[in-house]
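Single-structure report; data block below.
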Amino acid sequence: MTDRSGPATAGEATRTACLWVPDWPVVAALVVAGLGPETPAAVTGGPGGRIIAVSAPARSAGVRRGMRRREAQGRCPDLQLWPADDARDAREFEPVAMAAETVVSGLEIARPGVLLLPSGGAARYHGSERDLARELTEQVAVRTGHECQVGVADGFLAAVLAAREDAVVPPGASRDYLASRPAAVLVHARPGDRALTELVDLWRRLGVHTLAELAALPDAAVAARFGDLGVWAQRLARGQDVRPPARRRLEEDLTVAEELDPPAHRVDVATFAARRLAERLHDDLSRRGLACGRLRITARAVDPVTGEARTLERLWRTDDTLGGLSAARITDRVRWQLEGWLTASSLGEGVAPAPIAGLALAAEEVAPAGALQPRLWGPGAGEDLRAHRAVERVQALLGGDAVLTVRLQGGRDPRDRVQLVPFGEQVPPERDPDRPWPGALPPPAPSVVLPEPVPAHVLDGEGRPVVVDVRLGVSGDPARVVVPGEGTWSGLDAAVVDWAGPWPVAERWWTPQGKRRVFLQVVADGVAAPALGLLLSSSAGEWSLEALYD
Amino acid sequence: MAGGPGEGPRVLPVVPHLAALLPDGGLRTGTTVGVRGSTSLLLTLLAEASRDGAWTVLVGYPAAGMAAAADAGCDLTRTLVVPLPASSGVDAPAVLAALIDGMDVVVIGPEVALLEQDRRRLTIRARDRGTVLVAALPTPVSSAGSSSVRRETGDAGWAGAHVVLEVTEGAWAGTDHGAGWLRRRTLWVRRTGRGSAARPLHLNVEVPVCRVGGEAAGREVVGAGADGEGFELSGEQSSGTRAPGEGSASRPQLELVG
Chain C
433 MTDRSGPATA
443 GEATRTACLW
453 VPDWPVVAAL
463 VVAGLGPETP
473 AAVTGGPGGR
483 IIAVSAPARS
493 AGVRRGMRRR
503 EAQGRCPDLQ
513 LWPADDARDA
523 REFEPVAMAA
533 ETVVSGLEIA
543 RPGVLLLPSG
553 GAARYHGSER
563 DLARELTEQV
573 AVRTGHECQV
583 GVADGFLAAV
593 LAAREDAVVP
603 PGASRDYLAS
613 RPAAVLVHAR
623 PGDRALTELV
633 DLWRRLGVHT
643 LAELAALPDA
653 AVAARFGDLG
663 VWAQRLARGQ
673 DVRPPARRRL
683 EEDLTVAEEL
693 DPPAHRVDVA
703 TFAARRLAER
713 LHDDLSRRGL
723 ACGRLRITAR
733 AVDPVTGEAR
743 TLERLWRTDD
753 TLGGLSAARI
763 TDRVRWQLEG
773 WLTASSLGEG
783 VAPAPIAGLA
793 LAAEEVAPAG
803 ALQPRLWGPG
813 AGEDLRAHRA
823 VERVQALLGG
833 DAVLTVRLQG
843 GRDPRDRVQL
853 VPFGEQVPPE
863 RDPDRPWPGA
873 LPPPAPSVVL
883 PEPVPAHVLD
893 GEGRPVVVDV
903 RLGVSGDPAR
913 VVVPGEGTWS
923 GLDAAVVDWA
933 GPWPVAERWW
943 TPQGKRRVFL
953 QVVADGVAAP
963 ALGLLLSSSA
973 GEWSLEALYD
Chain H
327 MAGGPGEGPR
337 VLPVVPHLAA
347 LLPDGGLRTG
357 TTVGVRGSTS
367 LLLTLLAEAS
377 RDGAWTVLVG
387 YPAAGMAAAA
397 DAGCDLTRTL
407 VVPLPASSGV
417 DAPAVLAALI
427 DGMDVVVIGP
437 EVALLEQDRR
447 RLTIRARDRG
457 TVLVAALPTP
467 VSSAGSSSVR
477 RETGDAGWAG
487 AHVVLEVTEG
497 AWAGTDHGAG
507 WLRRRTLWVR
517 RTGRGSAARP
527 LHLNVEVPVC
537 RVGGEAAGRE
547 VVGAGADGEG
557 FELSGEQSSG
567 TRAPGEGSAS
577 RPQLELVG
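What follows is the structure in structure tokens.
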């Protein structure tokens, strides 16, 4: 407050309007679930799965941010809970951004739930800043049904805070508007940032309570003591902008579609239509000088008997910026996908493949072509492209599912820990690898994991089968492991040198797919395999060989 | 990375304590390396090159434990798997040739059906393209019939391989009759090959089965350099005596056995 005429104040803060949809994560989750805003709902996330966003009815029932879910459910028994999902938040916010774009031409999504736009020109066009705010609120409400609030002020932080109060701060008054507020409001500029929360707490303990006090601190001292985050916070506290809001240029997703009449039963018939679509899409893209990041393939399958329609959809990441998406490559992608859909295997047991009556291709994440450049040096310069080309050749030879990428996921046994995904396909991980997974087998992971467990016999010193009882008592020390039968892994007959275990793993026992197993590690010294580690599992008294440590 | 025009053969790095196993201290581009008897040795060989940016593909190796590969240090974002089931009747040499053109390291699993002339052609192609070919030779487990099979490079070998690493003996440490778990693997490796690798060399290697523990990656090798050559054995194998290896969990990771 002391040096209002400081050199950095004037002219740096852009007149900014901020559009804020309260409790966005909950609103988005409600939209996806098809529930109305009157439902008490909350979104959980972060460490410990605490509540991070609450809908208004839940809030009036006493549910607050930061509560444990059990406590929240105690206060509001019919509370709907969803885990946080950034993708869902961002995706569902797109209609709001498009509604706002009917009022103003360029805007920036600060984060799902918050839109920023430079209000100068737009306010002149619509008459005044209040008219602009009213127009934005109306259009968002009419087109999406969400309630939002708009605030206008100088600079980012003041605009965000003004939006929370649905206020218009007069030009030049933003610094006073901010001055008396507690420093903790900085959290609204960057929610969920632990470092900022800790910094604000530190300032409180140091006696810096309000934004005015923070703004009055010497610049150099703030930079030296609190680093970049401190400088950022001080700039915001002074009502300055870190940078003016960037206008985004919206490129719409391109979609081409075609009805197939009569419906296609065979892959080649459907591929013929797909080739036409691919050429149209490719022409559209290249005519506008655009490249797409993802290709969405949608097919409508109609059951020939009942006439029931089902929509099949798959998303492919194209890495277009690297290689240039040709019509032939789009056709290949679609053909692999159609092969999957028109053969029963991917539809699950007992479901006959339905003929495809309609096909649509959509280019998503559209951006001007050539915006992304491969690196000149280091990994990823040329060999990524070279490798991608080789993979595409192999996919063209063998089909789309022939080349798999590997991803680690959560799981307890070595087979569960690996997820194989066809190259180029976008599939979310089945299980979160960052969860603790209690009972998981200790590292190192076995170097050979049998594709299918093979039945085995584990015998004790007197040739009797080793049995593990419910209390994990072993009937006798394992002395011999025999893998009977014919096959790649069969014929093993080895003496046990040492062993470890048994370790019980009961997974999903509350579902029909539940598995209860007991694992045993064995060091076997056979005629041909000296000191080979074996991983054996026992389920319902039957042993099987799961993996080898060789 | 591998074999651009006007570029001599490069050497892809390997984990330091495996460097002494290879004549160039790493995987020289364009060469063929055969590994027999230990998948963990094979995966560990790949790890450092993969972290360095090499694209790796495992062809016809459905049994390879990818969790173990990740633990060994492979970068899974640049690791691909082509299962290539033998029953599907695909043309394995054509697929391998396409992959050799694009990938930096191609691992050929034991389930790929190849003829002798296919192997020769693939070796030549890899040399031209500057790709490292790693052949997983059939493990003794699958041919458990006789112990002698393991020692001789019979028909299942890769005739043109520049370096063949064979595990002749091994030991696990960490278990104790029900307690503990498998922790550390010591391998007796015999190296044969052509050219500078022609003289057989016997090395004792501890496989860093897990990078997560930090222990294996931290400790470095004492004498993992060219000075190891002086101690090499000419051809005899001390296969009968396992004595030096028992209870060896705490000693340095690599030593020359002679």
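Protein chains in written order, with our numbering: chain C, 433 to 982; chain H, 327 to 584. The beta carbon of each residue, even a glycine, is placed where N, CA and C say it ideally should be. This one's a predicted model, so the numbers in the text were calculated from it and none came from an experiment.
To which residues of the same chain is residue i closer than 6 Å at the C-beta, ignoring the five residues directly before and after it?
i	result
W635/C	A615
P694/C	none
A938/C	R948
T534/C	Q571
G583/C	C450, A591, A594, A595 and A599
G780/C	Low confidence applies here, because G780/C scores a pLDDT of 43, under 50, leaving its location unreliable; read the following figure in that light. Cβ within range, chain order: n/a, list empty.
R707/C	T763
R720/C	none
P846/C	A877, P878, V881 and A979
For residue i, which option in the options has the closest C-alpha, if you only look at C-alpha atoms?
i	options	result
R509/H	L873/C, R732/C and E579/C	L873/C
T365/H	G391/H, L348/H and P335/H	G391/H
G486/H	E495/H, G506/H, A523/H and V341/H	A523/H
R844/C	V835/C, R825/C, A828/C and P865/C	P865/C
R767/C	R626/C, Q827/C, A723/C and V463/C	Q827/C
L384/H	P436/H, V337/H, L344/H and L353/H	P436/H
P457/C	P623/C, V619/C, G604/C and G480/C	P623/C
D430/H	L406/H, V489/H, R446/H and P411/H	L406/H
T448/C	A493/C, A822/C and G538/C	G538/C
P603/C	D633/C, G552/C and G946/C	G552/C
C580/C	V890/C, V536/C, A532/C and R732/C	A532/C
W869/C	R940/C, D633/C and R708/C	R940/C
H889/C	G923/C, P875/C and R839/C	G923/C
G379/H	R818/C, A652/C and D957/C	R818/C
Between which residues of its own chain and residue i is the CB-CB distance below 8 Å, once the five residues before and five after are set aside?
i	result
A705/C	E690, L692, A696 and L791
D735/C	A741, R742 and A786
P860/C	none
A396/H	L402
Less than 8 Å separating the beta-carbons of residue i and residue j?
i	j	result
V984/C	W935/C	As shown, chain C starts at 433 and ends at 982. That puts residue 984/C outside it, with no answer to give.
A461/H	T358/H	yes
T355/H	V458/H	yes
E978/C	L964/C	no
P527/C	R575/C	yes
G456/H	P339/H	no
V601/C	A611/C	no
H714/C	S758/C	yes
V880/C	D982/C	yes
V603/H	G386/H	Outside the modelled stretch of chain H, which goes from 327 to 584, sits residue 603/H, for which no answer is possible.
V495/C	L513/C	no
P916/C	P887/C	yes
Is residue i a contact residue of the ligand MN, with contact defined as CB to any heavy atom under 7 Å?
i	result
L631/C	This structure does not include the ligand MN; it has no bound ligands of any sort.
In its own chain, which residues sit with a C-beta less than 7 Å from the C-beta of residue i, not counting the 5 before and 5 after it?
i	result
T399/H	Per the sequence shown, residue 399/H should be read as Gly rather than Thr. Excluding residues within five positions, the ones whose Cβ falls inside 7 Å are A373, E374, R377 and R537.
V533/H	S366, L367, T370, R511 and L513
V654/C	G662, V663 and Q666
Q427/C	Lying outside 433 to 982, the shown extent of chain C, residue 427/C is not represented and no answer is given.
R626/C	none
A542/C	L548
D685/C	A794, A795, E796 and V798
Handout entry: alpha helix (DSSP H) segments (min. 4 residues) lying fully within the stretch 475-519 of chain C
Key = 488-492 and 501-507, all fully within the stretch 475-519 of chain C.
Exercise for the section: Would you list, in chain order, the members of the stretch 396-408 of chain H that have their beta-carbon closer than 7 Å to a beta-carbon of chain C? Expected result: Answer set for the stretch 396-408 of chain H: A396, D397, L402, T405, L406, V407 and V408.
Practice task
Closer than 7 Å, Cβ to Cβ, to anything on chain C: give me those residues from the stretch 423-436 of chain H, in chain order.
Solution key: So the list reads A424, L425, D427, G428, M429 and D430, given in the order they occur along the chain.
Handout entry: Any beta strand (DSSP E) of 3 or more consecutive residues that is wholly inside the stretch 900-950 of chain C
Key = Contiguous beta strand (DSSP E) elements confined to the stretch 900-950 of chain C occur at 910-914 and 925-939, taking only those with 3 or more residues.
Problem - Interface positions of the stretch 877-890 of chain C facing chain H (Cβ-Cβ less than 8 Å), listed along the chain - result: The stretch 877-890 of chain C vs chain H, Cβ under 8 Å: A877, P878, S879, V880, V881, L882 and P883.
Exercise for the section: Could you name the residues of the stretch 816-841 of chain C whose beta carbon sits closer than 7 Å to any beta carbon of chain H, in the order they occur along the chain? Expected result: So the list reads R818, A819, R821, A822, V823, R825, V826, L829, L830, A834, V835, L836, T837, V838, R839 and L840, given in the order they occur along the chain.
Practice task
Closer than 9 Å, Cβ to Cβ, to anything on chain H: give me those residues from the stretch 922-936 of chain C, in chain order.
Solution key: Result list: S922, G923, L924, D925, A926, V929, D930, W931, A932, G933, P934 and W935.
Exercise for the section: May I have a chain-ordered list of the beta strand (DSSP E) segments no shorter than 3 residues that lie completely inside the stretch 622-684 of chain C? Expected result: For the beta strand (DSSP E) assignment, the stretch 622-684 of chain C encloses no uninterrupted run of at least 3 residues.
Exercise for the section: With 8 Å as the C-beta to C-beta threshold (strictly closer), list the residues of the stretch 845-872 of chain C near chain H in chain order. Expected result: For the stretch 845-872 of chain C, which is checked against every Cβ of chain H, the residues closer than 8 Å are P846, R849, V850, L852 and F855.
Handout entry: Every unbroken beta strand (DSSP E) within the stretch 391-450 of chain H, with a cutoff of 3 residues, ordered by chain
Key = Here the runs fully enclosed are 405-408 and 431-434.
Exercise for the section: Run through the stretch 485-529 of chain H for me and flag every whole alpha helix (DSSP H) of 4 or more residues, listed as ranges in chain order. Expected result: The qualifying runs do not exist here; there are none.
Handout entry: Contact set between the stretch 513-529 of chain H and chain C, restricted to residues whose Cβ is under 7 Å from the partner
Key = Against chain C - using a Cβ distance shorter than 7 Å - the stretch 513-529 of chain H contributes no residues.
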